[in-house]
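J.: Residue 35 is where the sequence shown starts when you use the working numbering, and the numbers rise one by one after that. Built from N, CA and C at the ideal position, the CB exists for glycine as well. Note that the structure is a prediction, hence the values are computed from the model and not measured. Have a look at this one.
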Amino acid sequence: MSGIYGALGVNDTDRVFINTLGQRVVYDAISQLVTRYNADINAQMRAFVEGAPTENFKERYKLPGGGRLQRVGNQSQPGAVKSTGQWDVAYPLESFAGSIAAGRVDYAYMTTEDLDRHLQTVMIQDTNTRRYEILKALLNNSARTFSDPLNGSLSVQPLANGDSVVYPPALGSESEATDDHYLVSGYAASSISDTNNPLKTIRDELEEHFGAPTGGSNLAVLISSAQTSKITDLTEFNRVTDRMIIPGANTDQVTGMPQLPGRILGRTDSGVTVAEWRWLPSDYMIGIVLDAPPPLKMRVDPAYTNLPRGLTLVTEDLEHPFKTSFWEDRFGFGVGNRLNGVVMQLKTNGSYEIPSGY
35 MSGIYGALGV
45 NDTDRVFINT
55 LGQRVVYDAI
65 SQLVTRYNAD
75 INAQMRAFVE
85 GAPTENFKER
95 YKLPGGGRLQ
105 RVGNQSQPGA
115 VKSTGQWDVA
125 YPLESFAGSI
135 AAGRVDYAYM
145 TTEDLDRHLQ
155 TVMIQDTNTR
165 RYEILKALLN
175 NSARTFSDPL
185 NGSLSVQPLA
195 NGDSVVYPPA
205 LGSESEATDD
215 HYLVSGYAAS
225 SISDTNNPLK
235 TIRDELEEHF
245 GAPTGGSNLA
255 VLISSAQTSK
265 ITDLTEFNRV
275 TDRMIIPGAN
285 TDQVTGMPQL
295 PGRILGRTDS
305 GVTVAEWRWL
315 PSDYMIGIVL
325 DAPPPLKMRV
335 DPAYTNLPRG
345 LTLVTEDLEH
355 PFKTSFWEDR
365 FGFGVGNRLN
375 GVVMQLKTNG
385 SYEIPSGY
């Protein structure tokens, strides 16, 4: 339920008509409810989206260089060094909207239950839209151009995709290099095994940039439900304890579980927390380091515009005999940290393919 009953202070078994509660009471309750919803959904995005939203339409990431110090004599000077690595990113900003409309007579007969159902629909649509835009930003390995009405054409970047950007040296190397975080497994999902273990490949690709700490990385891989049985059958896999079962004394237990979308299944001996996220395409996995800045940033309108952030009831329009409520959410997701994210497609050969619909 959307929670409108509690916000209005009525019992969910009561048949209460909206007109009898008063327009101001209902409006205040909806505002309170939507504020809680926006806070909740922002918390759920933290694995993918960095901190507070940004007002910037474009940013530049500056990087340190690699190499070694120069060997010098007693009376010689080293040559000057300068870090030159960088990459530019940009973020889209779009409006997503929906409306609730009813005739004069329909509105008069509208109950709290009816209103609750309508609000649920708007919130579900907003959640679905945000999730789709997050997945589109991560799964698409091509840069795209966004036409910004105020700032012209913006180049929205994907994760590291083998383009000309040179990244800081990976572990075991002293030289900057390009990188590609869109991988192909080389085997089908049905062939996942202790020998064909995609989790280790994804872990290695991330740890080469963010380090391999003693005791294991705080690293997560999200999989689709189509991969669950094969992944949980891996010898190194340790399942999350069923809350209905008390484990035996000699059973490993997974603790300190992070907040991730979907259902956390367990953790591997190689240091990967695995979550089943049913919204992922069946042959794709996404890996992220949870202790590093997330891959995406969410762009919103600047504060000086006074435009609201998050899902908002922006206006109500009365055009006899209809009354319409308009809801809007303005945001855009773009990759900022191009190194914190690995997408693997499970297939036998060929290059990475963007999943259908993204």
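1) Based on DSSP bridge pairs, tell me the residues matched to F82.
2) Using only CA atoms, which one of L373, K381, G384 and G366 lies nearest to L169?
3) Secondary structure at D303, three-state DSSP: helix, strand or coil?
4) Quick test of the definition: if touching needs 3 or more C-beta pairs under 8 Å, does the stretch 327-340 touch the stretch 256-274?
5) Exposed or buried, which one is D387 when buried takes at least 16 other CB atoms within 10 Å?
6) Take Q57 and list the residues in its own chain whose beta-carbon comes closer than 8 Å to its own, dropping the five residues that flank it on each side.
7) Might you give, ordered along the chain, the residues of its own chain that have their beta carbon closer than 8 Å to the beta carbon of Q120, omitting 5 neighbours on each side?
8) Taking 6 Å as the cut-off, is the C-beta of I388 nearer than that to any heavy atom in the ligand COA?
9) Distance check for R102 and E208, CA to CA, integer angstroms please.
10) What first and last residue would you give for the beta strand (DSSP E) that runs through T262?
11) Applying the criterion that 16 or more other CB atoms from any shown protein chain within 10 Å of the CB defines a buried residue, is D213 buried or exposed?
12) My parser needs the beta strand (DSSP E) runs of 3 or more residues fully inside the stretch 304-389; what are they?
13) When you compare the CB positions of E362 and S129, do they come within less than 7 Å of one another, or not?
14) Return the CA-CA distance between V377 and D317, expressed in angstroms with no decimal places.
15) Rounded to whole angstroms, what's the CA-CA distance from V68 to L217? Just pull it up for me.
16) Just checking my contact of M292 with N252 at CB under 8 Å: how many whole Å lie between their CB atoms?
17) Which word fits V106, buried or exposed, when buried means at least 16 other C-beta atoms lie within 10 angstroms of its C-beta?
18) What's the C-alpha gap between Y125 and S189?
19) In whole angstroms, what is the alpha-carbon distance linking A41 and R70?
20) Determine the direct distance from the alpha carbon of S110 to that of R372, and round the result to whole angstroms.
21) Taking only three categories from DSSP, how would you classify Y201?
22) Would you call L345 buried or exposed, if buried means 16 or more other Cβ atoms sit within 10 Å of its Cβ?
23) Helix, strand or coil: how does DSSP classify S259 here?
24) Rounding to the nearest angstrom, what Cα-Cα distance links G321 and T307 in this structure?
25) Would you mind listing the beta strand (DSSP E) stretches within the stretch 104-155 that are 3+ residues and don't spill past its ends, in chain order?
26) At the 7 Å Cβ level, is S110 part of the contact set with chain C, yes or no?
27) Note the first and the last residue of the continuous alpha helix (DSSP H) segment covering T88.
28) Would you list the one or two residues that DSSP bridges to T179?
29) In terms of residue numbering, what span does the beta strand (DSSP E) encompassing E93 cover?
30) Measure the C-alpha to C-alpha separation of P315 and P87 and round it to an integer number of angstroms.
31) What does the alpha-carbon distance come out to for the pair E210 and P336?
32) Only counting the same chain, and skipping five residues up and downstream in sequence, which positions put a Cβ closer than 8 Å to that of N185?
33) Excluding the 5 residues preceding and the 5 following S187 in the sequence, name in chain order all residues of the same chain whose CB lies nearer than 7 Å to its CB.
34) Ignore the nearest five residues each way along the sequence and tell me which others in G245's own chain have a CB closer than 8 Å to its CB.
35) Check whether the Cβ atoms of A81 and L294 lie closer than 7 Å to each other.
36) Only counting the same chain, and skipping five residues up and downstream in sequence, which positions put a Cβ closer than 8 Å to that of L174?
T.: According to the structure data:
1) Translated into positions along the sequence shown, residue 82 becomes position 48. F82 is not bridged to any residue.
2) As a first step, residue 169 must be located in the sequence shown, where it is residue number 135. The residue with the shortest Cα to Cα distance from L169 is G366.
3) The residue labelled residue 303 in the question sits at position 269 within the sequence shown. Three-state DSSP puts D303 in coil, outside helix and strand.
4) no
5) Translated into positions along the sequence shown, residue 387 becomes position 353. For clarity, residue 387 is Glu in the given sequence; the question names Asp instead. Burial call: exposed.
6) Here residue 57 is taken as the residue at index 23 of the sequence shown, counted from 1. Since pLDDT at Q57 reaches only 49, below the 50 mark, its modelled position is unreliable, and no value is offered.
7) On the sequence shown, position 86 is the one that residue 120 refers to. Excluding residues within five positions, the ones whose Cβ falls inside 8 Å are R94, Y95, K96 and L97.
8) Ligands are entirely absent from the displayed structure, and the ligand COA is therefore not among its contents.
9) Numbered from 1 along the sequence shown, position 174 holds the residue referred to as residue 208. Numbered from 1 along the sequence shown, position 68 holds the residue referred to as residue 102. For E208 and R102, the distance between alpha carbons rounds to 8 Å.
10) To locate residue 262, count along the sequence shown from 1; it is residue 228. Careful: T262 lies outside any beta strand (DSSP E), inside the alpha helix (DSSP H) at T262 to T266.
11) The residue given as residue 213 occupies position 179 in the sequence shown. It counts as buried.
12) 307-310, 318-323, 330-333, 346-353, 356-369 and 376-379
13) Against the sequence shown, residue 362 aligns to sequence position 328. Against the sequence shown, residue 129 aligns to sequence position 95. In contact: E362 and S129 (Cβ atoms closer than 7 Å).
14) Position 343 of the sequence shown, counted from the start, is the residue given in the question as residue 377. Position 283 of the sequence shown, counted from the start, is the residue given in the question as residue 317. The alpha-carbon atoms of V377 and D317 are separated by roughly 10 Å.
15) The residue given as residue 68 occupies position 34 in the sequence shown. The residue given as residue 217 occupies position 183 in the sequence shown. Going from the Cα of V68 to the Cα of L217 covers about 39 Å.
16) Here residue 292 is taken as the residue at index 258 of the sequence shown, counted from 1. Here residue 252 is taken as the residue at index 218 of the sequence shown, counted from 1. In the sequence as presented, Met is not what sits at residue 292; that position holds Pro. Sure, about 7 Å apart at Cβ, within 8 Å.
17) Along the sequence shown, one-based indexing puts residue 106 at 72. That one is exposed.
18) The residue labelled residue 125 in the question sits at position 91 within the sequence shown. The residue labelled residue 189 in the question sits at position 155 within the sequence shown. When rounded, the distance between both Cα atoms is 8 Å.
19) The residue you call residue 41 lines up with position 7 of the sequence shown. The residue you call residue 70 lines up with position 36 of the sequence shown. Low per-residue confidence applies at A41: pLDDT is 45, beneath 50, and the placement is therefore not dependable enough to give any value.
20) Taking the sequence shown and counting its residues from 1, one reaches residue 372 at position 338. Taking the sequence shown and counting its residues from 1, one reaches residue 110 at position 76. One C-alpha to the other measures close to 40 Å.
21) Residue numbering aside, residue 201 sits at position 167 when the sequence shown is read from its first letter. Note: Y201 maps to strand in three-state DSSP.
22) In the sequence shown, the residue the question calls residue 345 occupies position 311. The residue in question, L345, is buried, as its Cβ has 16 or more Cβ neighbours within 10 Å.
23) Residue numbering aside, residue 259 sits at position 225 when the sequence shown is read from its first letter. Looking at S259 - three-state DSSP - the assignment turns out to be helix.
24) On the sequence shown, residue 321 is found 287 positions in, with the first residue counted as 1. On the sequence shown, residue 307 is found 273 positions in, with the first residue counted as 1. Straight-line Cα distance between these residues: approximately 10 Å.
25) 120-124 and 128-137
26) Considering every chain present, this structure includes no chain C. It has just one protein chain.
27) For the purposes of this step, residue 88 is taken as the residue at position 54 of the sequence shown. Premise fails: T88 is in no alpha helix (DSSP H) and is neither H nor E.
28) In the sequence shown, counting from the first residue as 1, residue 179 sits at position 145. Note: T179 sits in a beta bridge opposite S189.
29) Residue 93 sits at position 59 when you count from the first residue of the sequence shown. Taken as a continuous stretch (DSSP letters only), the beta strand (DSSP E) holding E93 covers K92 to K96.
30) Within the sequence shown, numbered from 1, the residue matching residue 315 stands at position 281. Within the sequence shown, numbered from 1, the residue matching residue 87 stands at position 53. Distance between the alpha carbons of P315 and P87 is about 27 Å.
31) The sequence position of residue 210 within the sequence shown is 176, counting from 1. The sequence position of residue 336 within the sequence shown is 302, counting from 1. Roughly 36 Å between the two C-alpha positions.
32) Here residue 185 is taken as the residue at index 151 of the sequence shown, counted from 1. Here the set comprises F91 and K92.
33) Along the sequence shown, one-based indexing puts residue 187 at 153. Excluding positions up to five away in sequence, the list reads T179 and S181.
34) Here residue 245 corresponds to residue number 211 of the sequence shown, with the count starting at 1. For G245, where only same-chain residues beyond five positions count, the Cβ hits under 8 Å are L205 and S251.
35) Locating residue 81 in the sequence shown gives position 47, counting from the first residue. Locating residue 294 in the sequence shown gives position 260, counting from the first residue. Cβ atoms of A81 and L294: closer than 7 Å.
36) In the sequence shown, the residue the question calls residue 174 occupies position 140. What sits at residue 174 in the sequence shown is Asn, not Leu. Only P192, I388 and Y392 meet the Cβ criterion.
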